[in-house]
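*Asks:* Residue numbers (this note's numbering): 1 to 154. The beta-carbon is built from N, C-alpha and C at its ideal position, and this holds for glycine as well. The model shown is predicted, which means the values in this text are computed figures rather than measured ones.
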Amino acid sequence: MKKLIFLMFFSLSLIACTSEEISEENISQIENQQTLNQDIESTNRLPMFSVESDLVSVDDDCFILNVRIYLHNETTGKLLIANQNVETGDVCSDSENMDRNNIYCDGGTLLNGDRALPSKLKSEHCLTDFLNNPEHEGVYGQYLEKKSELLNSL
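1) In terms of residues, what are the limits of the alpha helix (DSSP H) holding N66?
2) Hey, is the stretch 108-123 in contact with the stretch 78-86, meaning 3+ C-beta pairs nearer than 8 angstroms?
3) Spatial neighbours of K146 within its chain, please: CB distance less than 8 angstroms, with the 5 preceding and 5 following residues excluded, ordered by chain position.
4) What is the DSSP secondary structure of N133, reduced to helix, strand or coil?
5) Identify, in the order they occur along the chain, each residue of the same chain with its Cβ nearer than 6 angstroms to the Cβ of L36, setting aside the five sequence neighbours on each side.
6) Indicate the three-state DSSP secondary structure (helix, strand or coil) for T76 in the structure shown.
7) Note down, in chain order, each residue of its chain lying with its Cβ closer than 8 angstroms to the Cβ of D106, except the 5 sequence neighbours on either side.
8) Secondary structure at N112, three-state DSSP: helix, strand or coil?
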């Protein structure tokens with residue numbers, strides 16, 4: 001009987017110690033997560049994007065721009081995530097004279113009617129999908145500003 005009581009007491013002690021270790025570990029994990037959340041909030045580590053563009057060609061009132069979107073962060077610096085040519089203007093033709101083999105990004109229409117041309121360049125995102133995504137409204141605004149600056153400088 002004494003052995004049985006001793007075994008029960010010993011078993012309960014082991015279970016109690018194990019539960020205590022787990023809850024201390026959980027508390028430590030919660031504290032670490034709270035610290036991480038505070039660090040993110042205090043440093044505002046939301047993704048930072050920038051847009052760059054260059055004039056590729058001009059044909060009457062049709063302009064072709066090369067548009068690039070970069071992601072900025074502390075570890076990788078400036079990372080190209082989208083790169084595609086865009087056709088903008090009043091008299092751009094609808095014909096696509098590009099070999100359709102090895103197309104990585106299909107062409108498409110942006111929210112303002114500009115047309116991203118099909119691209120063979122491989123990048124993380126296709127320009128149309130990225131700029132037409134409501135989550136990237138700020139980046140789309142940067143695109144419009146850069147386009148306006150570039151066209152006004154002509």
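*Replies:* Straight from the coordinates:
1) It is not in any alpha helix (DSSP H) - N66 instead sits in the beta strand (DSSP E) that spans C62 to N73.
2) yes
3) V51, E52, S53 and V67
4) coil
5) Unreliable placement is indicated for L36, whose pLDDT of 42 sits below 50; the coordinate value is still reported in the next sentence. There are no such residues.
6) coil
7) P118, C126 and T128
8) coil
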